[in-house]
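These notes are about the structure you will find just below.
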Amino acid sequence: MLEKSLDRWCPAVGADGSAAPIVFQYLNVKGRRALTYPSTPSSIAPVPHSETLPVPKPPANLEYLQSTSADRHYPSRRELDDLIRDLQLTKSAAELLTSRLSEWNLLRDDCKITAYRRRHLDYSVYFDVIHDLCYCKDVNGLFDADGIEHDPSQWRLFIDSSTKSLKRVLLHKGNKYPSIPLAYSIQMKEDNENVKQLLLKINYAEFNWQLCGDFKMLGFLLGLQGGYTKYSCFLCLWNSRADGEHYKKIQWLPRKELMPGKYNVIKEPLVCREKVLLPPLHIKLGLVKQFVKALDFEGEAFQEIRAMFPKLSDDKLKGGIFVGPQITTILKSRTLENKMTETERKTWQAFRDVVNGFLGNNKDPNYEEIVNTLSTSYQKMGCRMSLELHFLCSHLDFFQENLGDFSVEHGERFHQDIQLMERLYQGRWDSAMMGDYMWFLIREDISGHKRKARSTVHF
Ligand SMILES: [Zn+2]
0 MLEKSLDRWC PAVGADGSAA PIVFQYLNVK GRRALTYPST PSSIAPVPHS ETLPVPKPPA
60 NLEYLQSTSA DRHYPSRREL DDLIRDLQLT KSAAELLTSR LSEWNLLRDD CKITAYRRRH
120 LDYSVYFDVI HDLCYCKDVN GLFDADGIEH DPSQWRLFID SSTKSLKRVL LHKGNKYPSI
180 PLAYSIQMKE DNENVKQLLL KINYAEFNWQ LCGDFKMLGF LLGLQGGYTK YSCFLCLWNS
240 RADGEHYKKI QWLPRKELMP GKYNVIKEPL VCREKVLLPP LHIKLGLVKQ FVKALDFEGE
300 AFQEIRAMFP KLSDDKLKGG IFVGPQITTI LKSRTLENKM TETERKTWQA FRDVVNGFLG
360 NNKDPNYEEI VNTLSTSYQK MGCRMSLELH FLCSHLDFFQ ENLGDFSVEH GERFHQDIQL
420 MERLYQGRWD SAMMGDYMWF LIREDISGHK RKARSTVHF
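Mapping the sequence shown onto numbering that gives the first Met the number 0, position 352 (from 1) lands on 351, and the numbers just tick up by one.
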């Protein structure tokens with residue numbers, strides 16, 4: 000029997016002072032033997048709240064918890080697809096993510112765990128592999144699969160070749176769509192026969208897209224001899240070695256046709272020169288090259304540029320050999336212009352004006368004057384005339400209405416996308432890889448998300 004006198008009992012308190020409300024302690028040690036403990040919970044009497052036994056407080060985020068449980072969102076297949084694209088997951092990683100989410104009942108019924116193994120199939124059927132070359136065998140079919148119209152006048156063929164690989168992609172004129180890969184080879188050398196075969200394979204003759212690439216590639220497509228040659232312009236007979244006439248003579252005898260065996264043309268042209276787009280990025284690179292080469296190497300301006308790129312070799316610095324992002328760095332520098340001499344600064348500003356007013360997306364109404372100023376200031380500074388400068392000075396009318404639309408920077412973005420795939424596939428380029436690349440370009444859910452994942456363009 001328990002002693003009924005309540006003042007013998009008190010609520011038990013934990014070692015840290017916290018209350019343990021359902022346990023009571025008996026205060027009189029003497030009567031312990033006589034105790035018979037109850038075996039049912041109903042025998043525990045309620046206790047009033049006190050300082051040691053406070054009323055519990057609701058969690059601070061209670062309102063949030065209540066609101067989110069009400070409109071909890073389970074992703075659909077389309078949303079999951081887009082998330083996997085944003086996270087840039089490989090097929091196996093995508094499958095793992097889907098299976099985990101499925102185990103936790105966080106997916107809608109239309110999400111299939113194994114679907115990602117086959118995600119490339121919709122597109123890979125349009126590609127074929129011969130030797131080391133993977134190419135698109137049905138351009139119209141590929142466009143249909145994406146649900147976009149293929150109007151050849153709205154797309155141009157961008158050819159990128161390095162010592163490592165040869166890539167061809169279609170770029171949309173207004174940058175509205177992402178680039179579409181048409182061919183890829185990591186072994187193929189850029190020789191005339193290979194490129195000819197490649198153009199045949201992707202059916203160039205039927206579509207006749209406009210072409211862009213660097214000057215080397217353009218000259219190559221037009222059958223010009225490589226390297227530093229006397230007649231390197233495909234539009235006229237500009238003599239690159241006649242230093243005395245440069246800057247003075249603007250109109251040179253036009254080339255009527257590109258005839259093999261004449262004026263440094265060594266092969267039958269593979270494409271029509273009217274289809275060629277002059278590459279603004281490479282013109283920029285060419286202009287910077289001539290500018291840097293004409294700088295005083297002991298002068299402050301050159302030292303400043305050297306300090307910007309401590310890892311760049313002296314040969315490259317003195318040769319003015321930079322890449323796109325480096326030009327951006329130089330253009331952004333606030334201190335460089337202060338270190339220049341008067342002539343250097345004027346020339347640099349003329350270059351800046353051409354970049355902003357002609358080679359970029361906005362064409363200045365006075366672009367002819369801007370280009371003229373560039374020519375005179377380059378001459379004053381003693382810069383050598385180069386092919387790039389020659390195009391600006393002598394073939395301004397050949398440039399497209401809006402160079403920005405045809406910008407090679409668009410191709411630069413393609414590089415970033417393709418780098419991801421190269422990392423994922425580590426050089427194993429085949430139809431499945433091209434199909435998978437295409438899968439990454441699609442975006443199914445166009446509703447906006449709070450946080451944007453990637454700044455790439457999608458269909
Ligand atoms: Zn010319």
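Backbone N, C-alpha and C define an ideal beta-carbon position, used for all residues, glycine too.
Classify Asp-127 as helix, strand or coil using the three-state DSSP reduction.
Position 128 of the sequence shown, counted from the first residue, corresponds to residue 127. Residue state, collapsed to three classes: strand.
Work out the CA separation of Asp-352 and Asp-313 for me, nearest whole Å.
Translated into positions along the sequence shown, residue 313 becomes position 314. Translated into positions along the sequence shown, residue 352 becomes position 353. Answer to the nearest angstrom: the Cα atoms are 28 Å apart.
Using the three-state DSSP reduction, which class does His-72 fall into: helix, strand or coil?
For the purposes of this step, residue 72 is identified with residue 73 of the sequence shown, where counting begins at 1. Coil.
Does ligand 1 have even one heavy atom less than 7 Å from the beta-carbon of Ser-393?
Start at 1 with the first residue of the sequence shown, and residue 393 comes out as number 394. Checking every heavy atom of ligand 1 against the Cβ of Ser-393, one is found closer than 7 Å.
Can you pull the DSSP bridge partners for Leu-269?
For the purposes of this step, residue 269 is taken as the residue at position 270 of the sequence shown. None; Leu-269 has no bridge partner.
In whole angstroms, give me the CA-to-CA distance for Gly-381 and His-394.
In the sequence shown, residue 381 corresponds to position 382, counting from 1. In the sequence shown, residue 394 corresponds to position 395, counting from 1. Using only the alpha carbons, I get a separation of about 21 Å.
Is it true that the CB of Glu-387 sits closer than 8 Å to the CB of Ile-282?
Counting from 1 along the sequence shown, the entry for residue 282 is found at position 283. Counting from 1 along the sequence shown, the entry for residue 387 is found at position 388. Contact flag set, yes.
Classify Arg-84: buried if its beta carbon has 16 or more other beta carbons within 10 angstroms, exposed otherwise.
Working through the sequence shown from its first residue, we reach residue 84 at position 85. Counting Cβ neighbours within 10 Å, Arg-84 comes out buried, since at least 16 surround it.
Count the C-beta pairs between the segment 259-271 and the segment 359-373 that are closer than 8 Å, then say yes if the count reaches three, no if not.
Touching, no, given that fewer than three Cβ pairs across the two stretches are closer than 8 Å.
Would you check if the distance between the CB atom of Cys-135 and the CB atom of Trp-428 is smaller than 8 Å?
Here residue 135 is taken as the residue at index 136 of the sequence shown, counted from 1. Here residue 428 is taken as the residue at index 429 of the sequence shown, counted from 1. Contact: no.
What three-state label does DSSP hand Val-46 in the structure shown?
Taking the sequence shown and counting its residues from 1, the one referred to as residue 46 is at position 47. Of the three classes helix, strand and coil, the one that applies to Val-46 here is coil, per DSSP.
So, using beta-carbon positions, are Leu-521 and Asn-263 closer together than 8 Å?
Only positions 0 to 458 of the chain appear in the structure, and residue 521 is not among them; the question remains open.
With a threshold of 8 Å on Cβ separation, who are the neighbours of Cys-110 within its own chain once the five nearest residues in sequence on each side are excluded?
To locate residue 110, count along the sequence shown from 1; it is residue 111. Cβ neighbours of Cys-110 beyond the five flanking positions: Pro-74, Ser-75, Arg-76, Leu-79, Thr-97, Leu-100, Ser-101.
Distance check for Arg-344 and Leu-373, CA to CA, integer angstroms please.
Locating residue 373 in the sequence shown gives position 374, where the first residue counts as 1. Locating residue 344 in the sequence shown gives position 345, where the first residue counts as 1. C-alpha separation (whole angstroms): 12 Å.
Are Tyr-436 and Pro-180 touching if we call contact CB-CB under 8 Å?
Here the question's residue 436 lines up with position 437 in the sequence shown. Here the question's residue 180 lines up with position 181 in the sequence shown. Yes, Cβ-Cβ distance for Tyr-436 and Pro-180 is below 8 Å.
Helix, strand or coil for Val-168? Go by DSSP, reduced to three states.
The residue given as residue 168 occupies position 169 in the sequence shown. Of the three classes helix, strand and coil, the one that applies to Val-168 here is strand, per DSSP.
Do Tyr-63 and Ala-93 have their C-beta atoms within less than 8 Å of each other?
Sequence index remark: in the sequence shown, residue 63 carries index 64 (1-based). Sequence index remark: in the sequence shown, residue 93 carries index 94 (1-based). For Tyr-63 and Ala-93, no; Cβs fall outside 8 Å.
Which term fits Lys-266, buried or exposed, when burial requires 16 or more other beta carbons within 10 angstroms of its beta carbon?
Translated into the one-based positions of the sequence shown, residue 266 becomes position 267. Buried: at least 16 other Cβ atoms inside 10 Å.
Over the uninterrupted alpha helix (DSSP H) stretch that includes Leu-156, give me the two end residues.
Sequence index remark: in the sequence shown, residue 156 carries index 157 (1-based). Here Leu-156 belongs to no alpha helix (DSSP H); instead the beta strand (DSSP E) covers 154-160.
For Gln-87, which residues from the same chain have a beta carbon less than 7 Å from its beta carbon, with the 5 sequence-adjacent residues on both sides left out?
Locating residue 87 in the sequence shown gives position 88, where the first residue counts as 1. Cβ within range, chain order: Leu-419.
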